[in-house]
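Chemist: Submitted below is the structure of interest, expressed as structure tokens.
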Amino acid sequence: MGKLALFHLLCGILIFWAVSVVKAEDPYKYFTWTATYGMASPLGTPQQVILINGQFPGPRLDLVTNDNIVLNLINKLDEPLLLTWNGIKQRKNSWQDGVLGTNCPIPPNRNYIYKFQPKDQIGSYTYFPSTQLHRAAGGFGVLNVYARSVIPVPYAKPAGDFSLLIGDWYKTSHKVLRQILDSGKSLPFPDGLLINGQKQSTFTGDQGKTYMFRISNVGLKTTINFRIQGHKMKLVEVEGSHVIQNLYDSFDVHVGQSLSILVTLDQSPKDYYIVASTRFTTTVLTSTSVLHYTNSQTPVSGPVPAAPVNQFQWSLMQARTIRWNLTSNAARPNPQGSFHYGKITPSRTILLANSAPLINGKQRYAVNGISYINPDTPLKLADHFNIPGVFTLDSIRSAPTADSPHLATAVLPSSLHEFLEIVFQNNEDTMQSWHLDGYDFWVVGFGSGTWTQASRKGYNLVDALTRHTTQVYPKSWTAIYVSLDNQGMWNLRSAMWDRQYLGQQVYLRVYNPTASLANEYDIPTNALLCGKAAALRHP
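As structure tokens, then:
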């Protein structure tokens, strides 16, 4: 082969390689969102709400696995703001988590550009404001991650895809609610329930076809039972995991949780109630919407279907029926059960007990006796810049103590690639809901009373579900396994926002002393700097 021919061959190979690399990169999607105040009447009375691009709830964010998201958030509120991406793992990237332990809040009339990727994820998720009690005013929305076209899902493509944000709601301003908590009192009972920010919505479909309903509890504090008059619901996905497809008449959705069901419109052509009602509350709040058959000439009628009478026990038994589908793909073309979590011995056990103490005469909530307070400098910045005096790694014990409850900035130390057993011990009479940013985890066991080492005999070590938020029943415990494969500073918190606000949270520092971009991305060049880091410069 002559030199010229060889040169052309090499050029062709290089061009092909370059084009292949470009084509191989995951797509980029760009968004600009502006947060403002506006007026709406969710419960029939005009009140101030938080709008995203003029919408309440905010825009639906539809993504595909591994999309690269560049989202410019402009804050036009009168207070600093952050959005967090509930359930998105933020691989190696806690810089984009959108909570006060990792990010400086966006000041009024400023912006911040989030850059993140739902790496190897599918499923139904949400976003919402993590600052103050902004979540009580709106700013939340749907975040769906769809499977790539080359990855099959374990059900036929539905005829339609509906997203339902359900949650409790207050007519009272978020600032007034915050003042109530700051004064040392508990929040009053909510005023009502909303479905997609309204008292009533209509969802329309054709008789004989099957539709997906993606349901998320975006409320502040209340478990909600969801049901559809005259229709069975087939559970297919929970927070990124395909599950064994059982049929349900109704389903308990705890605060912060999301799930996807398939509903076949197999009844006579008329309109049917879609019902959400509070669970485990003395006063039951109910919100109804309408499932409308396109060939219906009959409006909704009859009694609204009731929730199950047996409350905690029924809910617990239902929770135990949710199992991982071990034969199904997830975001990648391998069976979900190929990682045998049940054959790994945890490196250690962390036992976290929630409580509701009075501290300095005010109502607070605590974990192992520590009621969390936010420092003025995000923990992530303090860790990155080695700023002293922001947090210490001995601020909270890994098991409950007899010490008097007190305020502190609680950080639990851990190492990258540890495999932990975490037990949530609930000694209170109230339902709890716990969330871990940056991860999903295996919910291996529920039990009543006090957890002991003997409780492990009842663990599900075969097909336990992976999810990012789990409930803990009153006077009970829930155990999870989690593989710490995501370096960073991660928020482990109550999903019930009044409890989170008053201290029921900690941060999990997943650390490796050897800096490597293979483990964690460097600080973004656009990172906001505040507190003790305000005068520093980016490297």
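Using mature numbering (1 follows the signal peptide of the UniProt record, and there is no 0), the letters of the sequence shown correspond one by one to residues -24 to -1, 1 to 515. Beta carbons: idealized from backbone N, C-alpha and C, even for Gly. It should be emphasised that the depicted structure is a prediction, and the values quoted were computed from it without experimental measurement.
Let me know the alpha helix (DSSP H) ranges lying completely inside the region 136 to 187, each 4 residues or longer, listed in chain order.
Modeler: Scanning the region 136 to 187 from its first residue to its last, the whole alpha helix (DSSP H) runs of 4-plus residues come out as 150 to 158.
Chemist: Please name the residue in Ala384, Phe361, Ser380 whose C-alpha comes closest to that of phenylalanine 367.
Modeler: Ala384
Chemist: Could you tell me the distance, in whole angstroms, from the CA atom of leucine 369 to the CA atom of aspartate 359?
Modeler: 11 Å
Chemist: If we require 3 or more residues per run, which beta strand (DSSP E) segments fall completely within the region 422 to 494?
Modeler: 445 to 448, 452 to 459, 464 to 470, 481 to 487
Chemist: DSSP three-state label for leucine 369, please.
Modeler: coil
Chemist: Which same chain residues end up closer than 7 Å to asparagine 271 when comparing Cβ atoms and leaving out the 5 residues on each side of it in sequence?
Modeler: Only Gln183, Pro245 meet the Cβ criterion.
Chemist: Roughly how many angstroms separate the alpha carbons of alanine 306 and glycine 63, rounded to a whole number?
Modeler: 15 Å
Chemist: Might you give, ordered along the chain, the residues of its own chain that have their beta carbon closer than 6 Å to the beta carbon of threonine 240, omitting 5 neighbours on each side?
Modeler: Around threonine 240: Thr186.
Chemist: Report the rounded CA-to-CA distance for lysine 508 versus tyrosine 483, giving the unit in angstroms.
Modeler: 19 Å
Chemist: Decide if residue 527 is buried, meaning its Cβ has at least 16 other Cβ atoms within 10 Å, or exposed.
Modeler: The structure shown does not extend to residue 527, since the chain is modelled only from -24 to 515, so the question has no answer here.
Chemist: Mind checking which residues open and close the beta strand (DSSP E) that includes glutamine 289?
Modeler: Where glutamine 289 is concerned, there is no enclosing beta strand (DSSP E), although the alpha helix (DSSP H) it sits in stretches over 288 to 295.
Chemist: For leucine 109 versus aspartate 474, is the C-beta distance shorter than 9 Å?
Modeler: Between leucine 109 and aspartate 474, the C-beta spacing is below 9 Å.
Chemist: Tell me isoleucine 250's beta-bridge partners as DSSP assigns them.
Modeler: Looking at the DSSP output, isoleucine 250 shares a beta bridge with Ile204, Ser265.
Chemist: Can we say the region 90 to 107 touches the region 397 to 408, given the rule of at least three CB pairs closer than 8 Å?
Modeler: no
Chemist: Taking phenylalanine 395 as part of the beta strand (DSSP E), name the residues at either end of that continuous run.
Modeler: Phenylalanine 395 -> beta strand (DSSP E) spans 395 to 402.
Chemist: Note down the Cα distance separating asparagine 310 from serine 304, rounded to an integer number of angstroms.
Modeler: Per the coordinates, the alpha-carbon of asparagine 310 lies some 8 Å from the alpha-carbon of serine 304.
Chemist: Have a look at Lys52, Thr254, Pro376 and flag the residue whose alpha-carbon is nearest the alpha-carbon of isoleucine 346.
Modeler: Pro376
Chemist: So for glycine 114, helix, strand or coil by DSSP?
Modeler: Strand at glycine 114.
Chemist: Give the straight-line distance between the Cα atoms of glycine 425 and tryptophan 453, rounded to the nearest whole angstrom.
Modeler: 7 Å
Chemist: Rounded to a whole number of angstroms, what is the C-alpha to C-alpha distance between tyrosine 6 and aspartate 38?
Modeler: 12 Å
Chemist: Rounded to whole angstroms, what's the CA-CA distance from leucine 27 to phenylalanine 116? Just pull it up for me.
Modeler: 9 Å
Chemist: Which word fits lysine 319, buried or exposed, when buried means at least 16 other C-beta atoms lie within 10 angstroms of its C-beta?
Modeler: exposed
Chemist: Check for me: the alpha helix (DSSP H) holding aspartate 359 runs from which residue to which?
Modeler: 355 to 361
Chemist: For a test of the three-state rule: what should DSSP assign to valine -3, helix, strand or coil?
Modeler: Only weak support is given to the placement of valine -3: the predicted model assigns it a pLDDT of 42, under 50, and the question is left unresolved by the model.
Chemist: Return the bridge partner residues of alanine 329 from the DSSP annotation.
Modeler: Gln401
Chemist: Going by DSSP, what residue range makes up the beta strand (DSSP E) through methionine 407?
Modeler: Here methionine 407 belongs to no beta strand (DSSP E), and DSSP marks it neither H nor E.
Chemist: Tell me whether the beta-carbon of asparagine 344 lies closer than 9 Å to the beta-carbon of leucine 328.
Modeler: yes
Chemist: Assuming the contact rule is C-beta atoms closer than 8 Å, leucine 141 and valine 214 should be a hit. Round their C-beta distance to whole Å, please.
Modeler: Incorrect: roughly 17 Å between the Cβ atoms, too far for contact.
Chemist: Take serine 263 and list the residues in its own chain whose beta-carbon comes closer than 8 Å to its own, dropping the five residues that flank it on each side.
Modeler: Ile142, Gly168, Leu169, Leu170, Ile171, Lys175, Gln176, Val251, Ala252, Ser253
Chemist: For aspartate 413 and glycine 278, I'd like the C-alpha separation in whole angstroms.
Modeler: 43 Å
Chemist: With respect to the beta strand (DSSP E) encompassing histidine 382, which residues constitute its N-terminal and C-terminal limits?
Modeler: 382 to 384
Chemist: Straight-line CA distance for isoleucine 456 to threonine 257?
Modeler: Near 27 Å, if we compare the C-alpha coordinates of threonine 257 and isoleucine 456.
Chemist: Give the straight-line distance between the Cα atoms of aspartate 137 and valine 387, rounded to the nearest whole angstrom.
Modeler: Distance between the alpha carbons of aspartate 137 and valine 387: 40 Å.
Chemist: Using the DSSP secondary-structure output, state which residues sit across from leucine 512 in a beta bridge.
Modeler: Its beta-bridge partners do not exist; DSSP assigns none.
Chemist: Looking only at its own chain, which residues have a Cβ that is under 7 Å from the Cβ of leucine 392, when we skip the five neighbours before and after it?
Modeler: Leu460, Gln463, Val486, Tyr487, Asn488, Asn495
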